[in-house]
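Below is one structure, written out as structure tokens, with a few remarks after it.
Number of protein chains: 2
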Amino acid sequence: MDSINNLSGGVTAASGFQAGVATAGIKNIQKKDIALIYSTVPAVAAGVFTTNTVKAAPLLVTMQRISKGKAQAIVVNSGNANACNGDQGISDAREMTAAAARALGIPEELVLVASTGVIGQKLPMDKVLPGVLEAAGAISPAGGAMAAEAIMTTDTFPKEAVCQIEINGKVVTIGGMAKGAGMMHPNMATMLCFITTDAAIDVADLARALKRAVEQSFNMVTVDHDTSTNDMLVALANGLAGNKKIVGESKAFQLFQDSLTDVCTSLAMDIARDGEGATKLIQVEVRNALSILDARRAARAVAGSNLVKAAVFGRDANWGRIICAAGYSGSNFDPNLVDIFLGDEQVASNGCSLNFSEERALEFLNSDTVRIILDFKMGEAGAVAWGCDLTYDYVRINAEYRS
Amino acid sequence: MDSINNLSGGVTAASGFQAGVATAGIKNIQKKDIALIYSTVPAVAAGVFTTNTVKAAPLLVTMQRISKGKAQAIVVNSGNANACNGDQGISDAREMTAAAARALGIPEELVLVASTGVIGQKLPMDKVLPGVLEAAGAISPAGGAMAAEAIMTTDTFPKEAVCQIEINGKVVTIGGMAKGAGMMHPNMATMLCFITTDAAIDVADLARALKRAVEQSFNMVTVDHDTSTNDMLVALANGLAGNKKIVGESKAFQLFQDSLTDVCTSLAMDIARDGEGATKLIQVEVRNALSILDARRAARAVAGSNLVKAAVFGRDANWGRIICAAGYSGSNFDPNLVDIFLGDEQVASNGCSLNFSEERALEFLNSDTVRIILDFKMGEAGAVAWGCDLTYDYVRINAEYRS
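Residue numbers (this note's numbering), protein chains in the order written: chain A, 1 to 403; chain B, 1001 to 1403.
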């Protein structure tokens, strides 16, 4: 992540973006649980949403509004997913946006909404609505870090990333925040991610860049195999950087695309690192596959295998589970050609065991980031996926979550 | 499983079948680790094999031989999967069958072979070959129960089932044994299953019956999301019952089909119940789906969801995770119609929460078999899937397995 500068500010790093938070007491604990992101001018907006058939109410509201391509604010709550609440859920989600719109003095249609938390419980609107007003009263250009905290559920640390590029002599900033932790799987997990940029760009180009960025970042993260009802990634671009509009397949677009991918990748890796109960980040690289799809399938399957994840937790150089996971992934490869590495230590050659150094393999398994590399030696495509180890704490957290 | 009679004998229950075992010390522990199944006459043979691209050597040997439709013996070892061992693995697997064939005085081509255990380590042939000879010397019509023990790895109990039916006045017996425990997922898990029957039936009809039985039984079991390199289900039918040959879509075929499905279902449920670290069997029923495929997809996704499994372990009536898993399964249904029950307690109606009795839900969650029912209210198709809870012990077992 060399291109991620050491910048702070998250969703308020880019010009014209502000954020405010409130502690509404949604889950009966004293934790920031409402965040409001606001752009001083209307922004173009694009989003990516869960593929789950069961979609939470705020997604339905946001998907409908974002189809117009414009937004000026996003109101978010943690502690309750507002999913499986029927018509009441929809009207509650709308009421959240109406309250934010009134407080900010902008049209309701320009307010998007997101929720994360327990499924199947009604939103406590008597707490949520005052919280939204409080958050709106607290917005400031310095609010990004607090907003990143307010959207956390079982996350153990807030996730932010910022990147700056120069386009035609103007500095363009891309900032973002995310929450993850559990119920994470490719094709969007229980993940909320908000990206804000002051770039001038049309909505179609923003949407295209976002889709490509997500494919290489969030869709390559897996914590468990559960794809949530509430996943949402929304990007707002308000144009205040004053750059010449980024268009088509220009060099400027490529630069913007790369930086957006970097921001998303940084946030996605943070999500994997902070998977529920995780002690290690697992990074799986597939090299020399026949196609990107083959590489991605295999990388994701290895990163997502419960048996690989448990072996990493146990610091066991059990490479058989790695090739086995690649084998059931649907990826097209020849098992008799595969080389496997744990960090820099090669543990299998042409699909067979090597007499490798268990000691050196253990060194790599002991590091915070465990790198697993599969070389298919068939083509030129590659992919990287991220996951985390499977631990006693994952079980504990998820056996107790609702209680 | 009413139709499973209280019969014993497993793979040696049917006429003409014998089994022998040996303790070869493959994994350096004193446990039976070689099993040999033998039919006094050549039998027709059909099999179902892992869909994993990476197939262990014994599978490759067995798949090739079974394509001829005939077999007379099966030699099996536990403690080592003989997977990812290249050409050496193939020649070792063949040598196992050659040793068994010599000892039994039958053609090598009629001996099938299976292995289960750690991937990527060479078979210790100096221990395996004497073990095969010892097992061949020990075969007897009473050997079924010991064979079921010999194929266990992390299983905590042996799995056997026997069923008897009458066809044209002749008693036909179908017996079976299986091993499961970890690396279990639909489309065959790390599962070995051997079915023996004295029915007279052609190989094509046996294969057809077996395929249907597997779809409703083993392919509806999930312990984790890992599909192994070694899964194999082989059925031998030696004709010694003396029944009129079971053919086509006759009533006799239907009876045979149902009984075979019962034997497979009983073994599959035992595998789920004995999932690594499991304390509970989870049975998921989907009712009134648009198609069998929709019902199966949803049932399997719910039974396989880490979050549902952890919630069952924690005895948490977190039905949101149930509908969420159905939602990402690819099953076609309307979330706003779904009713959900835990045992007899309805917890959701039309996709929304009910004010259900947590106390009564807890009673059902406390039982050894936790029944989850989803009523889609859309069509007439149904399916049942089985899984187990996700526990601290699953993590412990799989973090330590190879060591």
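For every residue, glycine included, the Cβ atom is placed at its ideal position computed from N, Cα and C. As the structure is a computational prediction, the values presented were derived from the model and not from experiment.
- Between the segment 1235-1255 of chain B and the segment 1323-1339 of chain B there are fewer than three inter-stretch CB-CB distances shorter than 8 angstroms, so the stretches are not counted as touching.
- Residue state for Cys352(A) is assigned as strand, using DSSP reduced to three classes.
- Under a 10 Å Cβ-count criterion, Asn318(A) is classified as buried, with 16 or more other Cβ atoms of the shown protein chains found around its own Cβ.
- Annotation: the continuous alpha helix (DSSP H) that includes Ser1259(B) extends over Lys1251 to Arg1273.
- One thing to note: Gly16(A) has its Cβ within 8 angstroms of the Cβ of Thr40(A).
- For Gly1089(B), the enclosing alpha helix (DSSP H) stretches over residues Gly1086 to Leu1104.
- If you ignore the 5 residues before and after Glu1358(B), its C-beta comes within less than 7 angstroms of the C-beta of Ala1317, all in its own chain and listed in chain order.
- Going by beta carbons, Gly1351(B) and Leu1337(B) fall inside the 8 angstroms limit.
- For the options Ala1019(B), Val1247(B) and Gly1330(B), the alpha carbon positioned closest to that of Ala1298(B) is the one of Gly1330(B).
- In terms of Cβ geometry, Ala138(A) and Gly20(A) form a close pair [threshold 8 angstroms].
- Against chain B, the CB of Asp316(A) has a partner CB under 8 angstroms away; the residue lies at that interface.
- By the neighbour-count criterion, in which a residue is buried when 16 or more other Cβ atoms sit within 10 angstroms of its Cβ, Ile1029(B) is exposed.
- Taking Val286(A) as the centre and dropping the five residues before and after it, the same chain places the C-beta of Ala295, Ala298, Ala299, Leu374, Phe376, Gly382 and Ala383 closer than 7 angstroms to its C-beta, in chain order.
- Nearest C-alpha to Lys1070(B) among Thr1053(B), Ser1008(B), Gly1239(B) and Pro1042(B): Pro1042(B).
- Assigned with DSSP and collapsed to three states, Asp393(A) falls in helix.
- Per the C-alpha coordinates, the member of Val1118(B), Glu1149(B), Asn1077(B) and Cys1163(B) positioned closest to Asn1085(B) is Val1118(B).
- Residue environment for Phe1157(B): exposed (fewer than 16 other C-beta atoms within 10 angstroms of its C-beta).
- Across the set Gln1283(B), Asn1288(B), Phe1313(B) and Leu1290(B), the C-alpha of Gln1283(B) shows the shortest separation from the C-alpha of Val1302(B).
- Going by DSSP, Val54(A) is part of no alpha helix (DSSP H) at all; its letter is neither H nor E.
- With respect to Thr391(A), Phe333(A) sits apart: the two C-beta atoms are not nearer than 8 angstroms.
- In the three-state scheme derived from DSSP, where H, G and I count as helix and E and B as strand, Val302(A) is classed as helix.
- Think of a sphere of 8 angstroms around the beta carbon of Ser353(A): the chain B residues whose beta carbon falls inside it are Cys1084, Asn1085, Gly1120, Gln1121 and Lys1122, in chain order.
- For the C-beta of Val1395(B), the chain A residues within less than 7 angstroms are, from N- to C-terminus, Ala310, Phe313, Leu390, Thr391, Tyr392 and Val395.
- Secondary structure of Arg1315(B) (DSSP, three-state): coil.
- Counted as a single uninterrupted DSSP element, the stretch harbouring Gln18(A) is not any alpha helix (DSSP H) but the beta strand (DSSP E) occupying residues Phe17 to Ala22.
- Taking 8 angstroms as the cut-off, the Cβ atoms of Leu1236(B) and Ala1045(B) count as close.
- Ranking Ala1099(B), Gln1088(B), Pro1058(B) and Asn1366(B) by CA distance to the CA of Ala1081(B) puts Pro1058(B) first.
- An exposed status is given to Pro107(A), since fewer than 16 other beta-carbon atoms sit within 10 Å of its beta-carbon.
- By the CB criterion at 8 angstroms, Gly1180(B) and Gly1010(B) fall outside the cutoff.
- Residue pairing of Ile1151(B) in beta bridges, as defined by DSSP: absent, with no partner found.
- Closest in C-alpha terms to Gln1164(B), from the list Val1308(B), Asp1262(B) and Asn1366(B), comes Asp1262(B).
- For Ala135(A), the closest alpha carbon among the candidates Met191(A), Leu110(A), Glu109(A) and Leu104(A) is that of Leu104(A).
- Pro1042(B) carries a strand assignment under DSSP once its states are collapsed to helix, strand and coil.
- For the segment 1337-1348 of chain B, residues whose beta-carbon sits nearer than 8 angstroms to a beta-carbon of chain A comprise Ala1348.
- According to the DSSP assignment, Gln283(A) belongs to the beta strand (DSSP E) that extends over Leu281 to Ala289.
- For Val247(A), there is no enclosing beta strand (DSSP E), as DSSP marks it with neither H nor E.
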